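Be aware that the sequence shown starts at 30, since it is given in the numbering used here, and climbs by one per residue.
Don't be surprised by glycine CBs; every beta carbon is placed ideally from N, CA and C.
All of these numbers come straight from a predicted model, not from anything done at the bench.
Structure record follows, encoded as structure tokens.
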Amino acid sequence: MSLLSGIPALVPTYIPSPSVGVWHLGPLPIRGYALCILAGIVVAVWLTGRRLTRLGYRPGVAIDISAWAVPFGIVGGRIYHLITTPQPYFGEGGHPWRAFAIYEGGLGIWGAVMLGAVGAWIGCRKNAVSFRDFVDAAAPGLAIAQAMGRFGNWFNNEIYGAPTDLPWKLKIYDWDPTAGRALLDSAGNPIVKGYFQPTFLYEAVWCILLAAVLLWLGRRFSLKQGQVFAAYVMGYPIGRIVIENMRSDSANHILGQRVNTWVSILVFLFGVWLWFRFAKMPPFLGPTAPDAPDEDATVPDAAPSSAVPDDPNDPDDGESAAGSDPGDDSGAPRDRDDPGEPDGDSDPHAHDAAAPPVGPAAPSGRPSGS
Numbered sequence: 030m031s032l033l034s035g036i037p038a039l040v041p042t043y044i045p046s047p048s049v050g051v052w053h054l055g056p057l058p059i060r061g062y063a064l065c066i067l068a069g070i071v072v073a074v075w076l077t078g079r080r081l082t083r084l085g086y087r088p089g090v091a092i093d094i095s096a097w098a099v100p101f102g103i104v105g106g107r108i109y110h111l112i113t114t115p116q117p118y119f120g121e122g123g124h125p126w127r128a129f130a131i132y133e134g135g136l137g138i139w140g141a142v143m144l145g146a147v148g149a150w151i152g153c154r155k156n157a158v159s160f161r162d163f164v165d166a167a168a169p170g171l172a173i174a175q176a177m178g179r180f181g182n183w184f185n186n187e188i189y190g191a192p193t194d195l196p197w198k199l200k201i202y203d204w205d206p207t208a209g210r211a212l213l214d215s216a217g218n219p220i221v222k223g224y225f226q227p228t229f230l231y232e233a234v235w236c237i238l239l240a241a242v243l244l245w246l247g248r249r250f251s252l253k254q255g256q257v258f259a260a261y262v263m264g265y266p267i268g269r270i271v272i273e274n275m276r277s278d279s280a281n282h283i284l285g286q287r288v289n290t291w292v293s294i295l296v297f298l299f300g301v302w303l304w305f306r307f308a309k310m311p312p313f314l315g316p317t318a319p320d321a322p323d324e325d326a327t328v329p330d331a332a333p334s335s336a337v338p339d340d341p342n343d344p345d346d347g348e349s350a351a352g353s354d355p356g357d358d359s360g361a362p363r364d365r366d367d368p369g370e371p372d373g374d375s376d377p378h379a380h381d382a383a384a385p386p387v388g389p390a391a392p393s394g395r396p397s398g399s
């Protein structure tokens with residue numbers, strides 16, 4: 030018998046799922062779902078920060094804006110879930126208090142993006158960052174965060190499709206969402222519910238591919254500000270519509286289609302509108318260094334220090350050389366009240382020639398966000 034004949038038996042023909050989704054450090058519960066969401070946020074903020082820095086914005090500005098966008102996004106994601114799936118919370122036999130149990134799962138991406146964008150807009154206004162620059166920089170990281178968040182659904186044994194015998198079928202347990210673990214049989218073993226299409230994995234792969242396409246688009250083409258984000262808004266629903274119709278979890282329907290399918294269609298059309306809208310908007314010039322000199326400014330020629338010999342008996346000569354002579358290279362500061370004119374006590378012969386006019390002043394700071 031061949032030595033290789035036993036190898037297939039050692040390779041699992043299914044994707045395992047965890048039977049426990051929460052661990053306790055003393056009284057503190059550590060939930061796999063929350064860890065995946067937090068890890069996705071960290072990666073998204075890090076990537077957004079790198080992309081904003083390349084546009085000329087200060088390091089750390091992505092964290093400042095995300096301090097607004099992330100809480101808004103979490104609240105928006107939860108509100109969307111409660112609106113589209115109210116029965117477990119407000120229906121017959123529902124538990125209203127579980128509306129606050131985000132750790133059990135239930136964050137709708139559309140609500141998270143919509144309300145998160147409001148928070149991002151506020152953060153951009155407070156930090157003088159173009160909103161279109163920010164959402165362009167954030168779009169690939171947002172797709173990656175979604176992919177990582179789907180593994181939180183894996184920890185909760187949720188987001189799967191129809192039963193299947195495919196080699197990559199997903200093993201699912203009967204689950205107790207409150208305890209965060211599988212139900213046990215009389216022998217103490219987790220109860221297997223069945224083997225299903227791993228739709229959580231399909232969506233995670235789709236999001237990673239989408240992030241790669243967005244990065245490529247931004248580098249390959251000269252897009253207008255905001256169009257990378259518009260491509261994300263168009264691209265994600267394409268995969269979501271297909272995957273949504275593979276899912277077997279309970280959902281509300283309108284005209285025979287799941288609610289999220291209809292929302293995905295509307296979001297795709299909104300992304301198309303954004304693409305053409307951003308294409309027509311004037312460009313935002315980006316961050317400007319506050320003390321950067323104007324390239325067209327004319328620098329006055331310095332008067333030669335040897336034009337008038339110093340009179341050792343005149344005490345005003347030393348004061349002029351130390352504080353007001355534009356030809357002096359000693360590094361002493363000028364009078365801040367009138368930096369372009371000599372002090373009244375300086376030697377009048379040292380500035381007989383009028384200085385040529387200075388060009389337009391350098392910009393005083395960054396423009397406000399668009």
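- Restricting attention to 103, 261, 268, the CA atom closest to the CA of residue 233 is found in 268.
- Judged by DSSP secondary structure, residue 124 falls outside any alpha helix (DSSP H); it is assigned neither H nor E.
- Runs of beta strand (DSSP E) with 3 or more residues, each lying fully within the region 182 to 214, are found at 198 to 202, listed in chain order.
- In this structure, 171 is the residue among 312, 132, 171 with its C-alpha nearest to the C-alpha of residue 146.
- In this structure residue 239 is buried. Its beta-carbon is surrounded by 16 or more other beta-carbon atoms within 10 angstroms.
- For the 8 Å CB-CB criterion, residue 60 and residue 132 form a contact.
- Check the Cα spacing between residue 74 and each of 112, 149, 249: the tightest is with 149.
- With 16 or more other CB atoms across the displayed protein chains lying within 10 angstroms of its CB, residue 140 is buried.
- Across the structure, residue 279 and residue 288 are spaced so that their CA atoms are roughly 11 Å apart.
- Around residue 48, the same chain offers 202, 210, 211, 219 as residues with beta carbons nearer than 8 Å, after the five sequence neighbours per side are excluded.
- The residues 74, 77, 78, 81, in chain order, have a CB closer than 6 Å to that of residue 91 in the same chain once the five nearest residues on each side in sequence are set aside.
- Straight-line measurement puts the Cα of residue 205 at about 46 Å from the Cα of residue 254.
- Put simply, the backbone Cα of residue 158 is about 50 Å away from that of residue 222.
- Just so you know, the alpha carbons of residue 194 and residue 200 end up roughly 11 Å apart.
- In this chain, the beta strand (DSSP E) harbouring residue 225 covers 221 to 225.
- Between the region 182 to 196 and the region 224 to 233 there are three or more C-beta pairs closer than 8 Å, enough to call the two in contact.
- For the pair residue 173 and residue 100, the Cα-to-Cα distance works out to about 18 Å.
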